[in-house]
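Take the sequence shown: its letters are residues 1 to 123, numbered as in the UniProt record's numbering. Okay, so here's the structure we're looking at.
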Amino acid sequence: MADMDCIIGKWKMVSSENFDDYMKALGVGIVLRNLANVATPTIEFSKGDDDTWTMTTSATFRTVEIKFKLNEEFEEVTGDGRKCATTFSFENGVLTQKQVGKDGSKNSELIRTFKGDDLTTVI
């Protein structure tokens with residue numbers, strides 16, 4: 001596993017692929033989808049002393065903070081209200097976030113690729 005310390009800091013998302021289709025599949029309404037599609041969030045990663053990572057996503061209309069340890073499942077309530085068993089993994093500059101829906105919620109996977117100063121998210 002490559003050292004994840006290379007992603008510490010603030011990242012401006014430069015592209016996001018399949019985001020509108022992803023939100024449609026989750027049943028997100030048109031107004032929220034339109035707001036989300038024009039947002040260019042800043043994502044900040046920091047690491048605590050106990051190997052707990054914090055991912056803070058800041059956009060014009062919302063800031064969301066997620067705390068996690070690599071390869072350890074935790075319960076996440078997503079921006080669209082789903083309850084998921086979520087696991088983050090990191091390999092070769094790629095951070096993968098797997099969300100397994102609970103109570104009939106849908107599963108999803110977010111793949112964040114860090115290259116140079118750019119962050120690309122594929123859903």
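For each residue, glycine too, the CB sits at the ideal point set by N, CA and C.
Go through its chain and collect everything with a Cβ distance to residue i's Cβ below 8 Å, but skip five positions before and after it.
i     : result
Ala25 : Lys106
Asn71 : Thr87, Phe88, Ser89
Whole-angstrom Cβ separation of residue i and residue j, contact assumed at under 8 Å?
i     : j     : result
Val77 : Lys83 : 6 Å
Ser16 : Thr96 : Contact doesn't hold; Cβ gap of about 15 Å is too wide.
Asp20 : Arg33 : 6 Å
On a CA-only basis, which of the options is nearest residue i? Give me that one, please.
i      : options                       : result
Met90  : Thr113, Arg33, Val28, Ala59   : A small correction: the amino acid at residue 90 is Phe; Met does not occupy that position in the sequence shown. Considering only alpha carbons, the answer is Thr113.
Asp5   : Asn92, Tyr22, Ala39, Leu35    : Asn92
Arg102 : Asp117, Glu109, Glu75, Ile123 : The amino acid occupying residue 102 in the given sequence is Lys; Arg does not appear at that position. Selected option, being the one with the closest Cα: Glu75.
Tyr22  : Met13, Ile7, Val14, Glu109    : Glu109
Ile123 : Lys67, Asn18, Gly48, Asp117   : Asn18
Report yes if the CB atom of residue i is closer than 8 Å to the CB atom of residue j, and no otherwise.
i      : j     : result
Ile111 : Val94 : yes
Val64  : Gly79 : yes
Thr54  : Glu73 : no
Thr42  : Trp11 : yes
Gly9   : Phe45 : yes
Strictly by DSSP, which residues pair up with residue i?
i      : result
Ser16  : Thr121
Arg112 : Leu95, Thr121
Ile30  : DSSP lists no partner for Ile30.
Ile66  : Met55
Lys10  : Glu44
Identify, in the order they occur along the chain, each residue of the same chain with its Cβ nearer than 6 Å to the Cβ of residue i, setting aside the five sequence neighbours on each side.
i     : result
Val28 : Asp80
Ala2  : Unreliable placement is indicated for Ala2, whose pLDDT of 48 sits below 50; no coordinate value is reported for it.
Ile7  : Phe45, Phe114
Thr56 : Glu44, Glu65
Once the 5 residues before and after residue i are set aside, which same chain residues still bring their CB inside 7 Å of it?
i     : result
Ser58 : Pro41, Thr42
Met13 : Thr40, Pro41, Ile43, Leu119, Thr121
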